[in-house]
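Q: Shown below is the structure under consideration.
Residue numbers (my numbering), protein chains in the order written: chain P, 1 to 575; chain E, 576 to 722.
Below, the structure written as structure tokens:
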């Protein structure tokens, strides 16, 4: 059967990116006799319009039913060449892209002969996989033109407005009584210096203007059922008489925000009068009326200790990113209130990235003094017998000199931690990373999508972000939702797991391997076997190796395809 | 592949660089391996990649098959804790490697021929170092086998 295939193979020069190191003509010669190969050519730029057109002409002229393009990374042009296949009448899933640039020519610039052998090996492997492809159709699902936004902080509010403005109906669910989250509690915030409360008030006003947004406060998501494009969300509204309502939505944007790190009692003196966290300090600054006071006493000296609860081995190992800039901004606010206040910043590293560096420079100009403490000797906070609050530190910038700083206030610069919400994590089935924040599919290529189709993440539930970054990710989630929902139908890759019912003996091991509940037990011909829901399967293949009968295959990555790919690679020796 | 063909492969490999099959993942480790190429980092051309959606989808029998058919070693560039599909992916992957090692031993192969390390989407340098070291280890195994 495999010899009956009619495959076209195109080897790209990529200008000289590939052909400077790989003998492309030799690769063409080496693969043109492979079983099933009808056409084998080289092309200067496979992705160029003219080259795509030539491929389409070849496909029609030679009645090709499979396509292999050996060029750059599949991340760049898989969709381009699937489009070529589709336009010329080949099933797009019978196209294979072979990476001979990033994983060959560019990494073997020191060994052109080796790079050429490797290219031949990789292309043969791609042809072998293509010989075993089957025509597949994308899973088409009708989508409900409504979206659910969980969390009404700045990211959730902006997402709800954006969704309404692209014509989608929105349900906005907030666990608290008030909308606005963290930003709604703040006065002036960086980077723009606008008042957080005013900012939230204007967003809430915009939400009220849009009749397509329904807001539920004191409300929580209790259950989620259905599948991509057609979820049913059960929302409990916590009033005196709790009410459970069900809404049908096509996508869900999770914007549940963060918690602020809460130091343990005694951690950097936390619990001592005069030692406060960054949010507590921000409230003091926002509430200052003419001058900064603490418990009615004027504050003349402040010591900030950075990275409290962040970048700690064995605990929160990540950098919270926003706290350095938020603290320098707060220091500027203090300087504006009273230029005579002494401000000492005790830091491990200052990470005021990008344009926030300007705030750092400005704070120094306004009198803030920065001291770098050693990672293994953090500052110590104490109150002496006379009641004076003192911070002791070593300053690496003055040759490790030990300094004792008497101060009125110690600010522990605390970062963001993931919000504790086990129930929500469990019912959404969105994976979290080792840091406890929700995981996107890829931080650069698919930054708001999760492996659960139609469930998107925005704002600081994904990881520490400032308000501007949260809004940007909220809007990215709007764009993604619109792409899913506006057409009324959505396509899913059909590269999902399948069960060979004849081979399955229903041992139930696969069920335990699938956290998405995609596998069910059914009766076929009087036998109990497993079946996999294509709409629910995420295509990870985690069930494949657990099957003792080898009855499960992942489409596009079948057992036969992988073995054929391995065998074909080895046909070409690599020097 | 027939037994004769496999013997041919082994004969052809003699004197060449160790062949390493890498199982990578589409969204996590493959971008890291691509990045190594984009930065023109060098490793042996004997290193070839098959990419899958998730490390937990690798069959131990594929690892054993690859080595039995002529690859000197299999390197699993795993998702580690960054897997977007399965929170317990690292644990599952560790189990897959253990099973593969049992299969290899049963086939008379050294279990050192399979190695795993977490490779993230920007782990260009760690990947390059891992496969260079693994290549050296496998060259050592070849040399020991010929003595």
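Glycine included, C-beta positions come from ideal geometry on N, C-alpha and C.
Can you give me the Cβ contacts of residue 436/P inside the same chain, cut-off strictly under 6 Å, excluding the 5 residues immediately before and after it?
A: Excluding residues within five positions, the ones whose Cβ falls inside 6 Å are 418.
Q: Identify whether residue 669/E lies in helix, strand or coil by the three-state DSSP scheme.
A: Correct three-state label for residue 669/E: helix.
Q: Tell me, which residues are paired with residue 398/P by DSSP?
A: Beta-bridge pairing links residue 398/P to no other residue.
Q: Taking residue 274/P as the reference, which of 299/P, 338/P, 67/P and 257/P has the closest Cα?
A: Closest option to residue 274/P, Cα to Cα, is 299/P.
Q: Along chain E, in chain order, which residues have C-beta atoms closer than 9 Å to that of residue 202/P?
A: In chain order: nothing, as chain E lies at least about 35 Å away.
Q: Between residue 102/P and chain E, is the shortest Cβ-Cβ distance under 8 Å, so that the two count as touching?
A: Taking Cβ atoms only, chain E reaches closer than 8 Å to residue 102/P, which makes this a yes.
Q: Where in the region 621-662 of chain E do unbroken runs of the beta strand (DSSP E), each at least 3 residues long, occur, reported from the N-terminal end onward?
A: Entirely contained in the region 621-662 of chain E, the beta strand (DSSP E) runs reaching 3 residues are, in chain order, 622-627 and 648-653.
Q: With DSSP collapsed to three states, give me the class of residue 359/P.
A: Residue 359/P: helix per DSSP, three-state reduction.
Q: Which word fits residue 223/P, buried or exposed, when buried means at least 16 other C-beta atoms lie within 10 angstroms of its C-beta?
A: Per the 10 Å Cβ criterion, exposed.
Q: Round the Cβ separation of residue 90/P and residue 59/P to the nearest angstrom and send it over; I've been treating them as touching at under 8 Å.
A: With 8 Å as the limit, residue 90/P and residue 59/P qualify as a contact, their Cβ atoms being about 6 Å apart.
Q: Does the region 627-644 of chain E come close enough to the region 684-699 of chain E to have 3 or more Cβ pairs within less than 8 Å?
A: Touching, yes.
Q: Consult DSSP for residue 60/P and reduce its assignment to one of helix, strand or coil.
A: Looking at residue 60/P - three-state DSSP - the assignment turns out to be helix.
Q: Counting only C-beta atoms, is residue 679/E closer than 8 Å to chain P at any point?
A: So no, residue 679/E is outside the interface.
Q: Residues in its own chain within less than 7 Å of residue 425/P by CB, not counting five upstream and five downstream?
A: So the list reads 432, once near-sequence residues are dropped.
Q: Chain P beta carbons: is any one of them nearer than 8 Å to that of residue 698/E?
A: It does not; no Cβ of chain P falls within 8 Å.
Q: So with Cβ pairs under 8 Å, would you call residue 646/E a contact of chain P?
A: Yes, residue 646/E lies at the interface with chain P (some Cβ there is under 8 Å from its Cβ).
Q: According to the neighbour-count rule (16 or more other Cβ atoms, all chains shown, within 10 Å of its Cβ), is residue 678/E buried or exposed?
A: Answer is buried; the Cβ neighbour count reaches 16.
Q: Using 8 Å as the threshold, is the region 220-240 of chain P in touch with the region 445-454 of chain P, meaning 3 or more CB pairs across them?
A: The region 220-240 of chain P vs the region 445-454 of chain P: in contact.
Q: For residue 268/P, which beta-bridge partners are listed by DSSP?
A: Paired residues: none, contrary to the question.
Q: Go ahead and pull the three-state DSSP assignment for residue 321/P.
A: Residue 321/P falls in the coil class under three-state DSSP.
Q: Within 7 Å: the Cβ of residue 126/P and any heavy atom of the ligand NAD?
A: As presented, the structure is devoid of all ligands, the ligand NAD included, so that no description of it is given.
Q: Taking CB distances under 8 Å as the criterion, tell me whether residue 431/P reaches chain E.
A: Output row for residue 431/P: interface = yes.
Q: Let me know the secondary structure DSSP gives residue 161/P once reduced to three states.
A: Note: residue 161/P maps to helix in three-state DSSP.
Q: List the residues of chain P that residue 625/E touches, going by C-beta distances under 8 Å, in chain order.
A: Per Cβ cutoff of 8 Å: 125, 562, 565 and 566.
Q: Here's the rule: buried if 16 or more other CB atoms are within 10 angstroms of the residue's CB, otherwise exposed. What is residue 289/P?
A: Counting Cβ neighbours within 10 Å, residue 289/P comes out exposed, since fewer than 16 surround it.
Q: Considering only residues of the same chain and omitting the five flanking positions on each side of residue 359/P, which have a CB-CB separation below 7 Å?
A: If we look at residue 359/P and ignore the five residues flanking it on each side, its Cβ neighbours are 190, 325, 328, 329, 332 and 352.
Q: Would residue 11/P and residue 27/P qualify as a contact pair, given that the criterion is a beta-carbon distance under 8 Å?
A: Against a cut-off of 8 Å, the Cβ pair of residue 27/P and residue 11/P comes out as a contact.
Q: Quick one: what does DSSP say residue 11/P is sitting in, helix, strand or coil?
A: In this structure, residue 11/P counts as strand in the three-state DSSP scheme.
Q: Could you please give the first and the last residue of the uninterrupted beta strand (DSSP E) stretch that includes residue 342/P?
A: Unbroken beta strand (DSSP E) run through residue 342/P: 342-347.
Q: Within 10 Å of its beta-carbon, does residue 548/P have 16 or more other beta-carbons around it, so buried, or fewer, so exposed?
A: Per the 10 Å Cβ criterion, exposed.
Q: If I'm right that residue 629/E touches residue 661/E with Cβ under 8 Å, what's the distance once you round it to whole angstroms?
A: So it is a contact: roughly 6 Å between Cβ atoms.
Q: Provide the residue span of the alpha helix (DSSP H) that contains residue 578/P, from first to last.
A: Here chain P comprises residues numbered 1 to 575, so residue 578/P is not present and cannot be evaluated.
Q: Starting from residue 566/P, trace the beta strand (DSSP E) in both directions and tell me its first and last residue.
A: First-last for residue 566/P: 559-569, but that is the alpha helix (DSSP H), not the beta strand (DSSP E).
Q: Output the distance between the C-alpha atoms of residue 713/E and residue 574/P, rounded to the nearest integer angstrom.
A: Rounded to the nearest angstrom, the two C-alpha atoms are 15 Å apart.
Q: Measuring alpha carbon to alpha carbon, tell me which residue in 184/P, 350/P and 218/P is nearest residue 177/P.
A: The shortest C-alpha separation from residue 177/P is found at 218/P.
Q: Scan the region 231-316 of chain P and note each continuous alpha helix (DSSP H) run of 4 residues or more that stays entirely inside, going in chain order.
A: Taking only runs of at least 4 residues, the alpha helix (DSSP H) segments lying wholly in the region 231-316 of chain P are 278-286.
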